[in-house]
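Asker:
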Amino acid sequence: MLIQGGLVYTNGAFVERDIETEGGVIRSLGTGLEGDDVFDARGFVVVPGFVNAHTHLSMSLLRGAGDDMPLHSWLNDRIWPLEASLSYEDCYWGSLFGIVEMLKTGTTCFNDMYFHMDATIRAVKEAGIRAAITHAVIDLGDEKKAQTELQESSRIHRMCRNEKRISYMMGPHAPYTCSEAFLLQIKEYARAHGIKTHIHLSETRKEVEDMEQEHSMTPAGYLDSLSFLDEETICAHGVHLTPEDIKLLSSRGCSIVHCPQSNLKLSSGIAPLPQMRDASINIALGTDGAASNNSLSMIQETKCMALIHKLQGATEVPASTAFSIATRGGGKALGLPVGELAPGYNADMAFIDASHFSMRPSHSLISNLVYSLQEEAIRHVMVDGTFVLRDRELTMVDEKSITEKASEHANALVELIG
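Going letter by letter, the sequence shown gives residues 59 to 476 in my numbering.
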């Protein structure tokens, strides 16, 4: 396909370019290109799709089911009891429901850590989005449970092989929910199979204090004592990283996924993003789950990130940096050729109506993308060279039926535990 005449954001600048795609990959960018299958992109700002680098997709069913609580109370008293009742069908419809929201807000790739991931794989394949899949594992020191979880991880991993739009990662929930032996087994499996590891890290002050009391180390220091941290490790949150932790994660080449809205809503704190950037750590952006955000919109997440760090200084996270973190940073963290519009990258992009009020006036388009963009301005979304959203309508799945079924499952789930 030839995408012709759009104002394309590439290499940090907006330029009028044609984009040639073949087999779901960008082959070239140029002017005056010709082809048989042409899409007229005149009047559109064409940008790489957002990369939601940390979420729990099926938690879309739990939006509003446990608000205004700190993380550990939220987990123990509300979320974990609800999750104990989750079925395959719940997670299938919850995944589709979350994908609807992501596609309509310009996200083309996401990194999911949850349960019943075979249901999520099915939803991803049907909706046409790109995903990194992680079966979340917890053993709490139970060796039998650890082996069961490893077997399930291996099963889901096998399901992802040879899937063009789906990759797999190992997913230990956190240092405080996984035993030392289990963490070592997980990392051994990941390294043996050449896949990444995705883990929550230093999300709350309590997590850090408990780890220091038990092991006389921070969570990051504890993981490093197990030789767990490396370039293939993605750490979600990092709210309470110490300066020493930041130096350590930088030296090990880890990526950190910033989840500002969830961290604010759960009163966990604000991650030291400027200090991470100063240490040359790759930063990605994630929404976390819709039960703690309560949105999966990377438009909202990107603006929140850019604004909250202005508490430390007006130039700490400028618009161009924020957009890069929300796209390019996610692609780098996931190890996927996404988040940029350049030859060799996947043809994953969003088409924004340049005449929409949220994109006007056009003094600074990058400013508009971060500070004023409204989701209605995103007219089309392409994943792997195929339009999955056209004129605000999903092309692969039916939004109305998904919303209805997801609502049914959500209501039944919450009623089950009262």
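Every residue gets a Cβ at the ideal spot worked out from N, C-alpha and C, and that includes glycine. Quick caveat, the model's predicted, so the values are computed rather than measured.
Does Ser420 pass the burial test, meaning 16 or more other C-beta atoms within 10 Å, or should it be called exposed?
Answerer: Stepping through the sequence shown from its first residue, residue 420 is reached at position 362. Per the 10 Å Cβ criterion, exposed.
Asker: First and last residue of the alpha helix (DSSP H) that includes Met217?
Answerer: As a working note, residue 217 is residue 159 in the sequence shown. Taken as a continuous stretch (DSSP letters only), the alpha helix (DSSP H) holding Met217 covers 201-218.
Asker: Does Tyr146 pass the burial test, meaning 16 or more other C-beta atoms within 10 Å, or should it be called exposed?
Answerer: Here the question's residue 146 lines up with position 88 in the sequence shown. By the 10 Å Cβ count, Tyr146 comes out exposed.
Asker: Which partner residues of Gln62 appear in the DSSP bridge assignment?
Answerer: In the sequence shown, residue 62 corresponds to position 4, counting from 1. Looking at the DSSP assignment, Gln62 forms a beta bridge with Asp98.
Asker: For Ser459, does the count of other Cβ atoms within 10 angstroms reach 16, so buried, or fall short, so exposed?
Answerer: Taking the first residue of the sequence shown as position 1, residue 459 is located at position 401. Flag for Ser459 reads exposed.
Asker: From Arg136 to Gln319, what distance separates their C-alpha atoms?
Answerer: Here residue 136 corresponds to residue number 78 of the sequence shown, with the count starting at 1. Here residue 319 corresponds to residue number 261 of the sequence shown, with the count starting at 1. About 19 Å.
Asker: Taking the straight line between their C-alpha atoms, what separation do you get for Arg75 and Gly63?
Answerer: As a working note, residue 75 is residue 17 in the sequence shown. As a working note, residue 63 is residue 5 in the sequence shown. Taking the straight line from one Cα to the other gives about 6 Å.
Asker: Apply the 10 Å Cβ neighbour rule to His256 and answer buried if 16 or more other Cβ atoms are within range, or exposed otherwise.
Answerer: Mapped onto the sequence shown, residue 256 falls at position 198. His256 should be labelled buried.
Asker: Alpha carbon to alpha carbon, how far is Val396 from Gln243?
Answerer: Taking the first residue of the sequence shown as 1, we reach residue 396 at position 338. Taking the first residue of the sequence shown as 1, we reach residue 243 at position 185. Distance between the alpha carbons of Val396 and Gln243: 30 Å.
Asker: Of the residues Leu431, Thr262, Cys167, which one's Cα is nearest the Cα of Ser131?
Answerer: For this step, residue 131 is matched to residue 73 along the sequence shown. Ranking the options by Cα distance to Ser131, first place goes to Thr262.
Asker: May I have the straight-line CA-CA distance separating Arg335 from Gln209, to the nearest angstrom?
Answerer: Taking the sequence shown and counting its residues from 1, one reaches residue 335 at position 277. Taking the sequence shown and counting its residues from 1, one reaches residue 209 at position 151. So the alpha carbons of these two residues sit roughly 37 Å apart.
Asker: According to DSSP, simplified to helix, strand and coil, what is Ser338?
Answerer: On the sequence shown, position 280 is the one that residue 338 refers to. If DSSP states are grouped into helix, strand and coil, Ser338 belongs with coil.
Asker: Around the C-beta of Pro401, are 16 or more other C-beta atoms found within 10 angstroms, so that it is buried, or is it exposed?
Answerer: As a position in the sequence shown, residue 401 is number 343, starting the count at 1. Looking at its Cβ environment, which holds fewer than 16 other Cβ atoms inside 10 Å, Pro401 is exposed.
Asker: Would you kindly work out how many angstroms separate the C-alpha atoms of Ser338 and Asp456, rounded to a whole number?
Answerer: On the sequence shown, residue 338 is found 280 positions in, with the first residue counted as 1. On the sequence shown, residue 456 is found 398 positions in, with the first residue counted as 1. C-alpha separation (whole angstroms): 42 Å.
Asker: Grab me the residues of Val158's own chain with a C-beta within less than 6 Å of its C-beta, minus the 5 sequence neighbours each way, in chain order.
Answerer: Translated into the one-based positions of the sequence shown, residue 158 becomes position 100. Answer for Val158: Glu457, Ile460, listed in chain order.
Asker: Under the rule that 16 or more other beta-carbon atoms within 10 Å means buried, what is Ser413, buried or exposed?
Answerer: In the sequence shown, residue 413 corresponds to position 355, counting from 1. Exposed.
Asker: Can you give me the Cβ contacts of Ile366 inside the same chain, cut-off strictly under 7 Å, excluding the 5 residues immediately before and after it?
Answerer: Locating residue 366 in the sequence shown gives position 308, where the first residue counts as 1. Pro318, Ile328.
Asker: With a CB to CB cut of under 8 Å and the five nearest residues on each side skipped, what residues in its chain are close to Ala248?
Answerer: For this step, residue 248 is matched to residue 190 along the sequence shown. Here the set comprises Met227, Met228, Lys254, Thr255, Glu290.
Asker: What beta strand (DSSP E) runs, 3 residues minimum, are completely inside the segment 321-382?
Answerer: Listed in chain order, they are 340-343.
Asker: Does the beta-carbon of Glu246 have 16 or more other beta-carbons within 10 angstroms, so that it is buried, or is it exposed?
Answerer: Stepping through the sequence shown from its first residue, residue 246 is reached at position 188. Classification for Glu246: exposed.
Asker: Any chance the segment 117-134 sits against the segment 90-102, with 3 or more Cβ pairs inside 8 Å?
Answerer: Touching, no, given that fewer than three Cβ pairs across the two stretches are closer than 8 Å.
Asker: So within the segment 387-465, which uninterrupted alpha helix (DSSP H) runs reach at least 4 residues, ignoring any that extend past its ends?
Answerer: Whole alpha helix (DSSP H) segments, 4+ residues: 388-392, 423-429.
Asker: According to the Cβ coordinates, are Leu354 and Thr360 closer than 8 Å?
Answerer: On the sequence shown, position 296 is the one that residue 354 refers to. On the sequence shown, position 302 is the one that residue 360 refers to. For Leu354 and Thr360, no; Cβs fall outside 8 Å.
Asker: Expressed to the nearest angstrom, what Euclidean distance is found between the alpha-carbon atoms of Ile410 and His193?
Answerer: Along the sequence shown, read from residue 1 onward, the residue named residue 410 stands at position 352. Along the sequence shown, read from residue 1 onward, the residue named residue 193 stands at position 135. Rounded to the nearest angstrom, the two C-alpha atoms are 34 Å apart.
Asker: Name the DSSP bridge partner or partners of Arg75?
Answerer: By 1-based counting over the sequence shown, the position of residue 75 is 17. BP columns for Arg75 point to Gly64.
Asker: Taking three-plus beta-carbon pairs below 8 Å as touching, is the segment 78-87 in contact with the segment 99-109?
Answerer: They do not touch, by the three-pair rule.
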